[in-house]
Amino acid sequence: MATPSDRAPFKRRSLFKAAGLGAAGAAGLPVIAACSDIESNNGSTQATTGYDFLPTHEEWPLPVEPDLVGEPPHHPSGFTSYPEPVQAITDLPSGSGTYELTVPCWGPAPAKDDPYFSAVYEAWGGTKLELRQGDGMTYGDTAVQWVKADEYGHGIQLFNYMTGSFSNFQETVVNSFYDLTDIVRGDISERWPLLAAIPSEAWGYAVWQKDPDDPETAGIYAIPMNYSGGQGNGILARVDLLEAEGLAMPTTVEEFLEVARAWSDDAAGRWATTGLDWFIGQWFGLGGTDGWNWDPDQKKMVNNIERPEFTELMEFRRTLWDEKLIHPDAPTGTLDAAAMQEAGQVMFTQDNLVRWNDFNLKVKRGEVEGRVAPLPPLAAKGRTPTVAMASGSGGWTFLNKSLSREQVEEILDIANWCASPYGTKEYELLNYGVEGEHFELGSDGTPVYTTLGSEVVQGPVHYKALACQVQTFLTGDPDMVAERFAYDASIQEYRMENPFEGVRIEPPAEAKAAGSTLWDQQQDIAYGRAELSSIPDMVETYMNNGGEAARQYYTDAYKALHGE
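Numbering (mature numbering (1 follows the signal peptide of the UniProt record, and there is no 0)) for the sequence shown: -33 to -1, 1 to 531.
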């Protein structure tokens, strides 16, 4: 896979002008007036850097320096001790509006009269921002209907992965949400010093344009919810169970299979895993954006499914199934892998690495027994491992375009408050709640959630994700911070470069549909419903039903970015 060379950031017009992308090129959107709605299923491709209307970045001095200094965003710094928090905002705005924000919620929604909410309202100046919580399991699909019907209140939070539910998310953004550009462009540090200190890259990910052939139609349509990098997901292993069986942590794909065979006992209700699918492509050197990579030898865009390593991946997945190393109900997608790992029924789970911290905190609280840790980067057949890392925003807070400028500014006052980083009183209240109610200080001085705090503050998504913090750190249990910091350092040498860094790509609807079918066919092979010999037919089906169009689409974007 080709890796980008060191280069100066491209200018605003160069991404599309260089390769002629636009209405007749990759994006296929019509040239329209700035005030018009757009409608197309042909996808969108646009830069996230190089814009001259972003908020002017102004450093905001951190109240305390971290204990462990990394190289963010892929190797964030960390705190192994809890600092005495300081007030970030001393000139507090006064707000009197009442607004409703739609957010996803996994599990029971916290009571709206909990002290947490009244304390937050008072702390940020009086504005009420009430939550409308939707089922997180179906949120992406139902959000499409809410937005179409304009039934999401004054704002809605959408995580990046949820946007695929929209037939064309760029259209949705510019047609439905408030264009913040005139409010936040330039120097905003006097009123919103913390929003001004958010990385410019985060604001760049909040830019969409109406006409992809004309960057002058670009604007800022959202508040970035976060900005981070590094490895977000991994394979967590029950280290204590490995040690009890005299098994070593795998360091290669072949060793993983050996451990899986040694541990699994289908008759006894013990399996290596409940499913390994979306994460493990990198074990076989498969990466790219939506499976597309530039092959420098062939000088063309190649999809992972066209490479021999893909067949190796499918052979591996089929082996897990055929040898009963995977739970028999894995194809249903309904298993609670985390609970089964806690119960000792499965050894490995693919998960967000946040659960590494969560599991070990449960152990410290005496709720479960054991210890988990992520597998190191693995590779098959003696290859050098690769680790997919990405920097960017994990989601956005969008505001309803029916709001007045004054209402938007009042909500931005809240966002500025929420951008306060670790080490501030604002962050403490936002992320831990009211001391004595939602958290207590542990023996090491670190906040520890009470039962109420776990239910109301720690678990649900709400104001913690309203806006990106000035800087994101590793925080919490000191032991876990140190372990995660060391792990992040250990994987940097294996980082797989993103060939589309600095570009946000939404593929055409045809390619999305073909990709969905392709995934279903992969699952059929992995779970014994189809044979490995059907892979060539699967590839042909994909290419004939959107794959070749996607190849040209990604080729145009890549050439515009790299000049190949």
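Note that the Cβ used here is the ideal one computed from N, Cα and C, for glycine as well.
- By how many angstroms is the C-alpha of Asp80 removed from the C-alpha of Gly420? Walking along the sequence shown from the start, residue 420 turns up at place 453. Walking along the sequence shown from the start, residue 80 turns up at place 113. In a straight line, the C-alpha of Gly420 is about 14 Å away from that of Asp80.
- Message: Please classify Tyr66 as buried or exposed, where buried requires at least 16 other C-beta atoms within 10 Å of its C-beta.
- Response: On the sequence shown, residue 66 is found 99 positions in, with the first residue counted as 1. It counts as buried.
- Start-to-end residues for the beta strand (DSSP E) that takes in Lys526: Numbered from 1 along the sequence shown, position 559 holds the residue referred to as residue 526. Not the beta strand (DSSP E): Lys526 falls in the alpha helix (DSSP H), residues Glu515 to His529.
- Please state whether DSSP places residue 537 in a helix, a strand or coil. This structure cannot speak to residue 537, because the chain is shown only from -33 to 531.
- Under the rule that 16 or more other beta-carbon atoms within 10 Å means buried, what is Ser231, buried or exposed? The residue you call residue 231 lines up with position 264 of the sequence shown. Around the beta carbon of Ser231, 16 or more other beta carbons lie within 10 angstroms, which makes this residue buried.
- Query: Do you know how far the Cα of Phe251 is from the Cα of Glu279?
  - Reply: For the purposes of this step, residue 279 is identified with residue 312 of the sequence shown, where counting begins at 1. For the purposes of this step, residue 251 is identified with residue 284 of the sequence shown, where counting begins at 1. Answer to the nearest angstrom: the Cα atoms are 7 Å apart.
- Run the CB neighbour count on Ser457, radius 10 Å, all protein chains shown included, and call it buried at 16 or more, exposed below. Here residue 457 refers to the residue found at position 490 when the sequence shown is read from its first residue. So Ser457 ends up on the exposed side.
- Looking at C-beta atoms only, is the number of pairs between the region 250 to 264 and the region 325 to 332 that lie closer than 8 Å three or more? Under the 8 Å Cβ criterion, the region 250 to 264 does not count as touching the region 325 to 332, having fewer than three qualifying pairs.
- Answer yes or no: do Met505 and Gln490 have a C-beta to C-beta separation smaller than 8 Å? Here residue 505 is taken as the residue at index 538 of the sequence shown, counted from 1. Here residue 490 is taken as the residue at index 523 of the sequence shown, counted from 1. Not closer than 8 Å, so no.
- Query: How many angstroms separate the CA atom of Val70 from the CA atom of Gly349?
  - Reply: In the sequence shown, residue 70 corresponds to position 103, counting from 1. In the sequence shown, residue 349 corresponds to position 382, counting from 1. For Val70 and Gly349, the distance between alpha carbons rounds to 45 Å.
- Among residues of its own chain, excluding the 5 on either side of Arg338, which ones have a beta-carbon nearer than 6 Å to its beta-carbon? Position 371 of the sequence shown, counting from 1, holds the residue named residue 338. Contacts found: Val206 and Asp207.
- Message: So, under 8 Å CB-CB, Glu290 and Arg228 are touching, yes? Tell me the CB distance rounded to an integer number of Å.
- Response: Mapped onto the sequence shown, residue 290 falls at position 323. Mapped onto the sequence shown, residue 228 falls at position 261. Correct: roughly 7 Å between the Cβ atoms.
- Message: For Pro341 and Ile202, which I take to be in contact (beta-carbon distance under 8 Å), what is that distance rounded to the nearest angstrom?
- Response: For the purposes of this step, residue 341 is taken as the residue at position 374 of the sequence shown. For the purposes of this step, residue 202 is taken as the residue at position 235 of the sequence shown. Indeed, because the Cβ distance is near 6 Å, the residues count as touching under 8 Å.
- Do you know offhand how far Gln100's Cα is from Leu162's? For this step, residue 100 is matched to residue 133 along the sequence shown. For this step, residue 162 is matched to residue 195 along the sequence shown. When rounded, the separation of the alpha-carbon atoms in Gln100 and Leu162 is 25 Å.
- Item | According to DSSP, residues forming a beta bridge with Leu71 | For the purposes of this step, residue 71 is taken as the residue at position 104 of the sequence shown. It should be noted that the sequence gives Pro, not Leu, for residue 71. Answer is Gly101.
- Message: When you compare the CB positions of Val415 and Cys72, do they come within less than 8 Å of one another, or not?
- Response: One-based indexing of the sequence shown puts residue 415 at position 448. One-based indexing of the sequence shown puts residue 72 at position 105. Cβ distance not < 8 Å, so Val415 and Cys72 don't count as in contact.
- What are the boundary residues of the beta strand (DSSP E) that Met268 is part of? In the sequence shown, the residue the question calls residue 268 occupies position 301. Taken as a continuous stretch (DSSP letters only), the beta strand (DSSP E) holding Met268 covers Lys267 to Asn270.
- Message: Tell me the DSSP secondary structure of Ser195 in three-state form.
- Response: In the sequence shown, the residue the question calls residue 195 occupies position 228. Strand, per DSSP.
- Query: Under the rule that 16 or more other beta-carbon atoms within 10 Å means buried, what is Trp486, buried or exposed?
  - Reply: Here residue 486 corresponds to residue number 519 of the sequence shown, with the count starting at 1. Looking at its Cβ environment, which holds fewer than 16 other Cβ atoms inside 10 Å, Trp486 is exposed.
- Using 8 Å as the threshold, is the region 516 to 525 in touch with the region 464 to 474, meaning 3 or more CB pairs across them? yes
- Query: Could you give the distance in angstroms between the alpha-carbon of Leu345 and the alpha-carbon of Thr219?
  - Reply: One-based indexing of the sequence shown puts residue 345 at position 378. One-based indexing of the sequence shown puts residue 219 at position 252. Rounded to the nearest angstrom, the two C-alpha atoms are 5 Å apart.
- Query: From Leu433 to Gln198, what distance separates their C-alpha atoms?
  - Reply: By 1-based counting over the sequence shown, the position of residue 433 is 466. By 1-based counting over the sequence shown, the position of residue 198 is 231. Roughly 22 Å separates the two Cα atoms.
- Candidates Glu89, Thr139, His121 and Asp102: which alpha carbon is nearest Val111's? As a first step, residue 111 must be located in the sequence shown, where it is residue number 144. Of the listed residues, the one whose Cα sits closest to Val111 is Thr139.
- Just the C-alpha distance for Ser44 and Lys95, rounded to the nearest angstrom, thanks. Stepping through the sequence shown from its first residue, residue 44 is reached at position 77. Stepping through the sequence shown from its first residue, residue 95 is reached at position 128. For Ser44 and Lys95, the distance between alpha carbons rounds to 33 Å.
- Query: Along the chain, where does the alpha helix (DSSP H) that runs through Leu328 open and close?
  - Reply: The residue labelled residue 328 in the question sits at position 361 within the sequence shown. Here the alpha helix (DSSP H) through Leu328 covers Val321 to Lys331.
- CA-to-CA distance, Leu499 to Phe144, given in whole angstroms: Taking the first residue of the sequence shown as position 1, residue 144 is located at position 177. Taking the first residue of the sequence shown as position 1, residue 499 is located at position 532. Roughly 46 Å between the two C-alpha positions.
- Reducing DSSP to helix, strand and coil, say where Ile381 ends up. Walking along the sequence shown from the start, residue 381 turns up at place 414. Here Ile381 sits in helix by DSSP.
- Query: CA-CA distance, Gly513 and Thr364?
  - Reply: Sequence index remark: in the sequence shown, residue 513 carries index 546 (1-based). Sequence index remark: in the sequence shown, residue 364 carries index 397 (1-based). Distance between the alpha carbons of Gly513 and Thr364 is about 32 Å.
- Buried or exposed by the 16-neighbour rule on C-beta atoms within 10 Å, applied to Thr316: The residue you call residue 316 lines up with position 349 of the sequence shown. Thr316 should be labelled buried.
- Item | Cβ-Cβ distance between Asp233 and Tyr188 below 8 Å | Taking the first residue of the sequence shown as 1, we reach residue 233 at position 266. Taking the first residue of the sequence shown as 1, we reach residue 188 at position 221. In this structure, Tyr188 does not lie closer than 8 Å to Asp233 by Cβ.
- Message: Judging by CA-CA distance, which residue of Asp19, Ala204, Val437 and Thr484 is the nearest neighbour of Pro30?
- Response: Taking the first residue of the sequence shown as 1, we reach residue 30 at position 63. Out of Asp19, Ala204, Val437 and Thr484, Val437 has the C-alpha closest to the C-alpha of Pro30.
- Three-state secondary structure assigned by DSSP to Glu168: Translated into positions along the sequence shown, residue 168 becomes position 201. Of the three classes helix, strand and coil, the one that applies to Glu168 here is helix, per DSSP.
- How long is the line joining the alpha carbons of Arg332 and Gly409, rounded to whole angstroms? To locate residue 332, count along the sequence shown from 1; it is residue 365. To locate residue 409, count along the sequence shown from 1; it is residue 442. Between Arg332 and Gly409, the C-alpha separation is close to 11 Å.
- Message: For a minimum of 3 consecutive residues, which ranges assigned as the beta strand (DSSP E) are wholly contained in the region 75 to 135?
- Response: Runs of the beta strand (DSSP E) inside the region 75 to 135: 95 to 102 and 122 to 126.
- Sort out for me which residues DSSP pairs Tyr66 with in a bridge. Translated into the one-based positions of the sequence shown, residue 66 becomes position 99. Paired residues: Leu96.
- Message: Restricting to runs no shorter than 3 residues, where is the beta strand (DSSP E) found entirely within the region 463 to 511?
- Response: Counting whole runs of 3 or more residues, the region 463 to 511 contains the beta strand (DSSP E) stretches 470 to 473.
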